[in-house]
Amino acid sequence: MGAGLQLVGYSRAVVGGRREGWEVWVFGGLGVVLVAVFVLGTTRRRGGGGGKAVPFALVMFIGGVGWAMAHVKKEDRPGWGLWTPRVEIPAWLGVEGRSYTGLEVLGMAVGQLPLTTLNSVVAVSALAGDLVPEMRVTVTGLGFSVAGMNLVGCWFGAMPMCHGAGGLAAQWRFGARSGASVVCLGLLKLGLGLVFGDSLVGVIDKFPGAVLGVMVLGAGLELTRVAVGVNEDAMDLWEDDEEEGEDDGVVTMRRKKRVLDEDERAERWMVMLVTMAGIVAFRNDAMGFAGGMVCYWFYRLAAWWERRRQGEVHL
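Mind the numbering: the sequence shown is residues 3 to 317 in the numbering used here, read in order.
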């Protein structure tokens, strides 16, 4: 929920872009209203409705690219140029004439670890489990995936890469339902990068913020929607249960949802709210995680003390 609310807040900055004053309301606000009306008008209602779902994300993207191409300067338009791979030896980089020492770079990496671990590994695993419970995406597998693509990419000058709960929520919100969608997206990005290279920067810079802002808003709302189900269909509520057949006596494993009492439901909700408050207030996933853990262990300590007190009274 904290990450979702951050995305919702970030959508406003995306809409405004580099515009100021009245331009934000004319170009940003009006555009958001038009795009939002289009999204709501083409979204298929749950429970049927008869019509086919409109791929409004694709339509919005194509429209945004068309807008950008119409407003980009002639010299900034994409040009053909096949990218050729080259090996880059990792080295310490400097900014504005200042070179960083190994200790400073290590400090930056350590500061980034909580964000990458929580948002790109733990949160993605939890979100995938909530969206598709029958497919188990392990934290270990995601961790090796993030580490592998960075260890390989850094030798070719690639920027640091990771998974993200926001990206997964956006893909799900706008219609993706299988791994093929992500494969197609990756192949498209690779193809554009190989053929056009950095000549696409001009078009990206002119992409309308109203379209991008609505898509970011949709991703944020999808994340918060999943968080609301913390007591209903969260991944940790499902447990493996053995079931013996009535006729043949064969034991089979099936997934069974654990039933929560009122106290546990209130506890889980409070832990989530504390975590969300830490993320939003400090703009730091690590602070939210720490706050949530402290809240959780306070509940555990209170429960332990209550059991001990009742035991002493009973004796």
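Where a beta carbon is used, it is the ideal one built from N, C-alpha and C, also for glycine. Values in this document were obtained by computation on a predicted structure and should not be read as measured data.
Range of the contiguous alpha helix (DSSP H) that encloses Glu264 = Glu264 to Phe284
Closest Cα partner of Thr140 within the set Val126, Leu133 and Arg175 = Val126
Lys259 (DSSP reduced to helix, strand or coil) = strand
Taking just the CA atoms, how far does Met71 sit from Ile64?
-> 11 Å
Using 8 Å as the Cβ pair cut-off and three pairs as the minimum, do the segment 118-132 and the segment 153-161 touch?
-> no
Just how far apart, CA to CA, sit Val230 and Val61?
-> 29 Å
Segment contact flag, the segment 71-84 with the segment 199-210, C-beta cutoff 8 Å, min 3 pairs | yes
Which of helix, strand or coil does DSSP assign to Glu241?
-> strand
Per the contact definition of three or more C-beta pairs closer than 8 Å, is the segment 296-311 in contact with the segment 273-280?
-> yes
May I ask which residues mark the beginning and end of the alpha helix (DSSP H) holding Met151?
-> Val141 to Gly155
Is Ile206 helix, strand or coil when you go by DSSP?
-> helix
Based on Cα-Cα distance, which residue from Val123, Ala172 and Lys191 lies nearest to Leu223?
-> Ala172
Check whether the segment 117-126 touches the segment 164-183, taking contact to mean three or more Cβ pairs, one atom from each stretch, closer than 8 Å.
-> yes
Neighbourhood of Arg88 by C-beta distance below 8 Å, restricted to the same chain and skipping five residues each side = Phe158 and Gly159
Looking only at its own chain, which residues have a Cβ that is under 7 Å from the Cβ of Val112, when we skip the five neighbours before and after it?
-> none
Check whether the Cβ of Glu264 lies closer than 6 Å to any heavy atom of the ligand MN, and answer yes or no.
-> You won't find the ligand MN in this model; it holds no ligand whatsoever.
Could you give the distance in angstroms between the alpha-carbon of Ser13 and the alpha-carbon of Arg138?
-> 31 Å
Minimum C-alpha distance to Phe176 - residue among Val232, Gly68, Gly109 and Leu219 | Leu219
Three-state secondary structure (DSSP) of Gly293 | helix
Ignore the nearest five residues each way along the sequence and tell me which others in Gly6's own chain have a CB closer than 6 Å to its CB.
-> Gly222, Leu225 and Thr226
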